[in-house]
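Below is one structure; the comments refer to it alone.
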Amino acid sequence: MRSHLLNDTTAEQYRRSVTEGVERVAAKLATTDRPFTGVTVDALSPRIDEIDLDKPLHDTAAVLDELEDVYLRDAIYFHHPRYLAHLNCPVVIPAVLGEAVLSAVNSSLDTWDQSAGGTLIERKLIDWTTARIGLGPAADGVFTSGGTQSNLQALLLAREEAKTENFTDLRVFASEVSHFSVKKSAKLLGLGPDAVVSIPVDQDKRMQTVALARELERCAEDGLVPMAVVATGGTTDFGSIDPLPEIAGLCEQYGVWMHVDAAYGCGLLASLKYRDRIDGIERADSVTVDYHKSFFQPVSSSAVLVRDAATLRHATYHAEYLNPRRMVQERIPNQVDKSLQTTRRFDALKLWMTLRVMGADGIGELFDEVCDLAAEGWKLLAADPRFDVVVRPSLSTLVFRYIPATVTDPAEIDRANLYARKALFASGDAVVAGTKVAGRHYLKFTLLNPETTTADIAAVLDLIAGHAEQYLGESLDRAS
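This note's numbering applies: residue 8 is where the sequence shown begins, and numbers increase by one.
In structure tokens, the structure reads:
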């Protein structure tokens, strides 16, 4: 079995195996004509269940044939222009190359003696990102697995900086459409069940700063401790951006940690046209960015950034076998000193390769394209009497629902929209997401593919309307 270990004696076998795998994927990408086959759980499960993992095939080609049957054939392909559902982006080739390199070398980014140059590359990218944000010369950060972990670490730092031992007195303020990880993080951090105060949003789904000011004042009057305000730079459902300058002013007035969850909107940091939409982010104490959302990177690639590097000490623990205290005195840079993780992939390499091949402007141009596409999509929806669209996009998300001309029962309209989404997914012709607005079911386009066109959007809208009309027609037939 040593023949399968990657080393100097198996380098040629490695080259052949990886090339064969790449050729399979490339062929699949070149011939995929829809984002999904429509396979069901009931159809796919037996094919996987019948595989005996204790009986290996002993042949790469045979394993790839099997993989075609149980995965590649029916995978959901984000590169297809009619994948319009979640915050999944098509990926750029330099990043995929970086993925191949980092997987083979397999550096671990926790300590210098496991990564060497990898440590310095990650630190350089952290400095690059904090400079793009404008956090100042004392800023720092670390790569993470994703926005949820980044938000958790930011709120951990905020909790420690609040300097109180009575966690039940701590309060976190976030908009009613903020990411669920804010409440999840509060629970994981041992805060009380009422710790997260939900702030209402305006018609554009942005946090109402008047309401935030009122809640901060009430917090002080009640003798509670305002731990953090979480502003969102691109909400998951609407792509809405909270009024960051006004929120920053309130945080400064009340002495509250300001965290900006820009997991989605971080693409604006590279934008050539829309950077001003995220103005005020430079005043944050911490920021979440997900490169794997709007920098066109493979999952996972995220980071948490802080204005004051000293606050990262709250995540620092020393283990004699790993990062003993003497290493600090010897100025050996260990990233585990900043991270909630220990063993950690060299995900920073993907962004490094992307910047070195494409440059930041190349990323920004792609993100600007999807923002422009969303603006055009909004015009289509606003002009189409079949649909109700919620907000004009700040980023690349459109939330809407089909409104039939002859049916007025909101519950029946809900069912028609749910049916349309399910039927569209089952057909494999397109993939769209869904959410709720004021208790009603809506559909959602998350446009992150520059290859998607307004013609694609129009075609998918027609498909949605067709499925919804089919459901309503059958519903009327059943009722009669």
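Even glycine gets a Cβ: it sits at the ideal position worked out from N, Cα and C.
- Spanning the alpha carbons of Ala202 and Ala430 requires a straight line of approximately 40 Å.
- Proximity to Arg447 across Ala161, Ala423, Pro101 peaks at Ala423, based on C-alpha coordinates.
- Annotation: Ala218 to Met360 spans about 44 Å, alpha carbon to alpha carbon.
- Note that the C-beta distance between Ile288 and Leu251 is below 8 Å.
- Per DSSP, Ser309 is one residue of the beta strand (DSSP E) stretching across 309-313.
- When secondary structure is reduced to three states using DSSP, Tyr409 falls in the strand class.
- In the structure shown, the three-state DSSP call for Arg22 is helix.
- For Lys345, there is no enclosing alpha helix (DSSP H), as DSSP gives it neither H nor E.
- The three-state secondary structure of His266, taken from DSSP, is strand.
- DSSP places Asp297 within a strand segment (E or B) once states are collapsed to three.
- In the three-state reduction of the DSSP assignment, Phe245 falls in the coil class, being assigned neither a helical nor a strand state.
- In the three-state reduction of the DSSP assignment, His474 falls in the helix class, which pools H, G and I.
- Closest by C-alpha distance to Glu476, out of Val439, Leu425, Gly435, is Leu425.
- Counted as a single uninterrupted DSSP element, the beta strand (DSSP E) harbouring Pro233 occupies residues 232-239.
- Distance between Val184 and Leu319, taken at the CA atoms: about 28 Å.
- When DSSP reads this structure, Arg352 sits in no beta bridge, so it has no partner.
- When the alpha-carbon of Ala37 is set against those of Phe302, Arg80, Asp15, the nearest one is in Arg80.
- Ile206 is bridged by DSSP to Ser182.
- Apart from the 5 residues on each side of it in sequence, Ala389 sits with its Cβ closer than 8 Å to the Cβ of Val396 in its chain, given in chain order.
- DSSP, read as helix, strand or coil, puts Val439 in strand.
- Within the same chain, Cβ atoms closer than 8 Å to the Cβ of Thr459 are found at Pro88, Arg89, Leu91, Val377, Leu380, the five residues on either side in sequence being excluded.
- Annotation for Arg428: the continuous alpha helix (DSSP H) segment containing it runs 417-434.
- Take the alpha-carbon of Asp66 and the one of Leu60: they are about 14 Å apart.
- Contact between His325 and Asp292 fails: their C-beta atoms lie close to 25 Å from each other, not under 8 Å.
- Cβ-Cβ distances below 7 Å link Val98 to Phe303, Gln304, Pro305 in the same chain, with the five nearest sequence neighbours on each side left out; the list follows chain order.
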